[in-house]
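Visitor: Residue numbers (our numbering): 35 to 202.
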Ligand code: ADP
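(1) For residue 112, which residues from the same chain have a beta carbon less than 8 Å from its beta carbon, with the 5 sequence-adjacent residues on both sides left out?
(2) Using the beta-carbon count (16 or more within 10 Å), is residue 50 buried or exposed?
(3) Specify the secondary structure class of residue 97 as computed by DSSP and reduced to three states.
(4) What runs of the beta strand (DSSP E), each 3 residues or longer, lie entirely inside the region 119-202?
(5) In angstroms, rounded to a whole number, what distance separates the CA positions of residue 180 and residue 118?
(6) At a cut-off of 7 Å, would you count residue 82 as near the ligand ADP, judging by its Cβ distance to the nearest heavy atom?
(7) Let me know the secondary structure DSSP gives residue 106 once reduced to three states.
(8) If the criterion is Cβ atoms closer than 8 Å, does the pair residue 128 and residue 158 meet it?
(9) If you drop the 5 nearest sequence neighbours on each side, which residues of the same chain put their C-beta closer than 8 Å to that of residue 36?
(10) Between residue 167 and residue 46, which are expected to be in contact by the criterion C-beta below 8 Å, what is the C-beta distance as a whole number of angstroms?
(11) Less than 8 Å between the C-beta atoms of residue 194 and residue 83, yes or no?
(12) Assign residue 1 to one of two classes, buried (16 or more other C-beta atoms within 10 Å of its C-beta) or exposed (fewer than that).
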């Protein structure tokens, strides 16, 4: 039987940190679905750079040709999505100790909502523990280069938006 994991997050935009987690998780799972989740807390901070459609398109470009990685959108509860899509596990990445508390809470409430689905954590990749979409957005907005931390399609999209003055 195929083991399917979902990897939910904002992915605004997808970074090398996310990609590393996805690639390593393919050693454990047959299929990983990157789920762009509409997170109320984050969107209320007006921190969004890319629309959900743009984020999905960037994930598609990065994993073009990789049949075991898919991408989808979730507008409701991740655990409801998991229930209706035959999901075995929810994949999350851990960077620093500071990630632990919120991830611990999230995993606990998710288990209350759907006890059939396990949350599986993977440690951040080598030299990627400081990479988050949020930090990269700050660096790029002030003119710093983030090229080393994002895949090429994301770098091109960020550059284009910066040139058009669309990014604060
Ligand atoms: P962020 O905006 O913090 O980069 P997302 O909401 O897109 O985060 O993250 C989705 C998941 O990916 C979370 O579990 C997050 O901890 C994880 N993640 C993000 N960046 C990394 C990284 N560099 N290494 C490991 N896990 C990461």
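Here a beta-carbon is modelled for each residue, glycine too, at the ideal position from N, C-alpha and C.
Guide: From the atom records:
(1) So the qualifying residues of the chain are 40, 42, 69, 71, 124 and 144.
(2) With 16 or more other Cβ atoms inside 10 Å of its own Cβ, residue 50 counts as buried.
(3) Correct three-state label for residue 97: coil.
(4) Runs of the beta strand (DSSP E) inside the region 119-202: 123-128 and 152-157.
(5) Going by C-alpha positions, residue 180 is about 37 Å away from residue 118.
(6) Checking every heavy atom of the ligand ADP against the Cβ of residue 82, none is found closer than 7 Å.
(7) Note: residue 106 maps to strand in three-state DSSP.
(8) Contact flag set, yes.
(9) The answer, listed in chain order, is 64 and 65.
(10) Rounded, the Cβ-Cβ distance is 5 Å, consistent with contact.
(11) Going by beta carbons, residue 194 and residue 83 fall outside the 8 Å limit.
(12) The requested residue 1 does not occur in the structure, where the chain is confined to residues 35 to 202.
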